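Which chain is which? The protein sequence lines are A and B, in order. Quick note on our numbering: the first sequence kicks off at 1 and runs consecutively. Quick note on our numbering: the second sequence kicks off at 218 and runs consecutively. The beta-carbon is built from N, C-alpha and C at its ideal position, and this holds for glycine as well. No experiment lies behind these values; they were computed from the predicted model shown. Step one of this worksheet: look at the structure below.
There are 2 protein chains.
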Amino acid sequence: MLRTNPAFLHFMEQFTASSAEGEAVAIKTFAAGTRLIRQGDTISHVYIIREGITKCYIEEDNGKDYIFEFLGKGEITGDLEGIRKEKCLCNIEAITPVTAYAIPHTLFSWLLVNNTEFNRLMLEELVIRIRQTCIRASYQQLYPVEYALLRLLALEAEQDIVIPKKDMASYLGITIRSFNRTLKELRSKNILDPQGMNIDLSRKQLEEILRRFEDMG
Amino acid sequence: MLRTNPAFLHFMEQFTASSAEGEAVAIKTFAAGTRLIRQGDTISHVYIIREGITKCYIEEDNGKDYIFEFLGKGEITGDLEGIRKEKCLCNIEAITPVTAYAIPHTLFSWLLVNNTEFNRLMLEELVIRIRQTCIRASYQQLYPVEYALLRLLALEAEQDIVIPKKDMASYLGITIRSFNRTLKELRSKNILDPQGMNIDLSRKQLEEILRRFEDMG
DNA sequence: TATAAAACGGGACATTTGTCCCACTTCTTA
DNA sequence: TAAGAAGTGGGACAAATGTCCCGTTTTATA
């Protein structure tokens, strides 16, 4: 759920410090709640997050949001639009204060062609993104919400970040009402702790429950 | 829904015809119903479809399928696994007889590094795939099935291909029962023709109906 | 051509999810 | 500190979707 890319971050640190072209890279800061990128806009920079957490989401015309990922250190965004000049697909919104490298499209394109390492990092990043998006789209479509919610809470516990409830619901593509209802059911089954939304099981027990969903739906 | 990539196909035709390295590329044929790639396998080739149509889908442990795309001429598959050596994410199954270029991973990697055009084509392909997957995941999650079904039927009419009902349902991530029910509702609203599943509206009328969904859900 | 196998279409019912609404808390800020 | 705004949690009902099942039609094949 919170993607990071240490290799990309490391590359940028090196690149800005040691290369002449690195001077074209600016560092921008964004307050929590502001957007790095606005869906539908045409942009001229690619961002690589240096610090902070953002959410990447589509706002549908009916007013609902669908969050794809939370992006942290080293994640790149605006890259799709840098590679194929199209309007921005998603909103990228800071949910904590964010600082990011801003790379002009000209430099971005130049790096893709002239820097093998950068090109490689970009390819791998795109591949990871496709894999994760596909895996999630599939199980959110084919398993009950309870299953997806448990997986989400497990991830949240591993990385210890706190995501607003509203955003978790949007990540699952459901309403807050459904989200709350499912939480309550999990509590009544003693899978979550009585008040909060923490998983009240050992890793092993959790896996056993997830497996049960998978064995027969 | 049926993705194709003429530029990729064209590249392969040129490459196999004119380059020495092209000799490493084999042409394989697959009967309808057989798989080019099996989910979970480790593979050593990338395929580019020369002729025919395949479906790209994940089989979940609970027995349900989720189809991401139907892939036609010029589409590449096995590329994710060629870039990052991981187990296959999806099944690729021929739904018509298929012939495809089979490119060994060694050559694939070599092309990515040494052939700027190929690298470029690959980047663009990945970007397109991400965009489409994201867009679809979002609206399938946030709009009623009726909306997604209409969009699907509109696409099917444009390209004129026939997809089995079972597969259309899997593409939408729903059961055949729900699929039939929705068809019936659309017929009773005179949006589809009385017997079949063809859209019985002008392009304009259809867009009007889709817009209504988008304006308020 | 006869028969089995597969696809099709839909009724009846259960489950899941959304919508609407309200009471209660918490947070702003005038 | 009071008043309004925003967030929380959940009841009641409506709508959407899945499950199970059965009779019909189409397709494949012996």
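Specify the secondary structure class of residue i as computed by DSSP and reduced to three states.
{"i": "A237 (chain B)", "result": "helix"}
{"i": "I345 (chain B)", "result": "helix"}
{"i": "T251 (chain B)", "result": "coil"}
{"i": "I378 (chain B)", "result": "coil"}
Please report the straight-line C-alpha distance between residue i and residue j, rounded to a whole angstrom.
{"i": "G434 (chain B)", "j": "Q231 (chain B)", "result": "Only weak support is given to the placement of G434 (chain B): the predicted model assigns it a pLDDT of 44, under 50, and the value that follows is read from those uncertain coordinates. Going from the Cα of G434 (chain B) to the Cα of Q231 (chain B) covers about 49 angstroms."}
{"i": "S355 (chain B)", "j": "G173 (chain A)", "result": "8 angstroms"}
{"i": "C307 (chain B)", "j": "Y388 (chain B)", "result": "14 angstroms"}
{"i": "R404 (chain B)", "j": "R398 (chain B)", "result": "10 angstroms"}
{"i": "Q195 (chain A)", "j": "V362 (chain B)", "result": "35 angstroms"}
{"i": "P164 (chain A)", "j": "K184 (chain A)", "result": "17 angstroms"}
{"i": "F396 (chain B)", "j": "L112 (chain A)", "result": "44 angstroms"}
{"i": "V315 (chain B)", "j": "F430 (chain B)", "result": "38 angstroms"}
{"i": "L152 (chain A)", "j": "I209 (chain A)", "result": "14 angstroms"}
{"i": "Q140 (chain A)", "j": "S235 (chain B)", "result": "46 angstroms"}
{"i": "E124 (chain A)", "j": "I43 (chain A)", "result": "23 angstroms"}
{"i": "Y147 (chain A)", "j": "D167 (chain A)", "result": "17 angstroms"}
{"i": "H322 (chain B)", "j": "R348 (chain B)", "result": "26 angstroms"}
{"i": "L107 (chain A)", "j": "E23 (chain A)", "result": "10 angstroms"}
{"i": "T233 (chain B)", "j": "M339 (chain B)", "result": "17 angstroms"}
Select from the options the residue whose C-alpha is nearest the C-alpha of residue i.
{"i": "N5 (chain A)", "options": "A:I76, A:E21, A:C56", "result": "A:I76"}
{"i": "K73 (chain A)", "options": "A:A148, A:Q159, A:L183", "result": "A:Q159"}
{"i": "I270 (chain B)", "options": "B:A311, B:L253, B:C305, B:K406", "result": "B:A311"}
{"i": "A7 (chain A)", "options": "A:K189, A:L210, A:T133, A:E117", "result": "A:E117"}
{"i": "D92 (chain A)", "options": "A:I67, A:N115, A:I103, A:C134", "result": "One point to set straight first is that residue 92 (chain A) is Ile, not Asp, in the sequence displayed. Ranking the options by Cα distance to I92 (chain A), first place goes to A:I67."}
{"i": "V162 (chain A)", "options": "A:F108, A:T96, A:E86, A:G33", "result": "A:T96"}
{"i": "L2 (chain A)", "options": "A:E60, A:R203, A:L155, A:I199", "result": "A:L155"}
{"i": "F70 (chain A)", "options": "A:V25, A:R203, A:T133, A:E124", "result": "A:T133"}
{"i": "Q256 (chain B)", "options": "B:K304, B:I408, B:D410", "result": "B:K304"}
{"i": "D282 (chain B)", "options": "B:I266, B:A386, B:D410", "result": "B:A386"}
For residue i, which beta-bridge partners are listed by DSSP?
{"i": "P263 (chain B)", "result": "One point to set straight first is that residue 263 (chain B) is Val, not Pro, in the sequence displayed. In the DSSP output, where bridge partners are listed per residue, V263 (chain B) has B:I320."}
{"i": "Y388 (chain B)", "result": "Answer is none; Y388 (chain B) lacks a bridge partner."}
{"i": "T350 (chain B)", "result": "For T350 (chain B), which the question treats as bridged, DSSP gives no partner whatsoever."}
{"i": "D65 (chain A)", "result": "A:E59"}
{"i": "L71 (chain A)", "result": "A:R3, A:T54"}
{"i": "K245 (chain B)", "result": "B:A317"}
{"i": "I199 (chain A)", "result": "A:L192"}
{"i": "E437 (chain B)", "result": "The question about residue 437 (chain B) has no answer, for chain B in this structure spans 218 to 434."}
{"i": "I393 (chain B)", "result": "Paired residues: none, contrary to the question."}
{"i": "T294 (chain B)", "result": "B:Y264"}
Mind checking residue i: buried by the 16 CB within 10 Å criterion, or exposed?
{"i": "K55 (chain A)", "result": "buried"}
{"i": "A31 (chain A)", "result": "exposed"}
{"i": "Q422 (chain B)", "result": "exposed"}
{"i": "A237 (chain B)", "result": "exposed"}
{"i": "I176 (chain A)", "result": "exposed"}
{"i": "H45 (chain A)", "result": "buried"}
{"i": "I199 (chain A)", "result": "buried"}
{"i": "P295 (chain B)", "result": "Per the sequence shown, residue 295 (chain B) should be read as Gly rather than Pro. That one is buried."}
{"i": "I225 (chain A)", "result": "Nothing can be reported for residue 225 (chain A), as the shown portion of chain A is limited to 1 through 217."}
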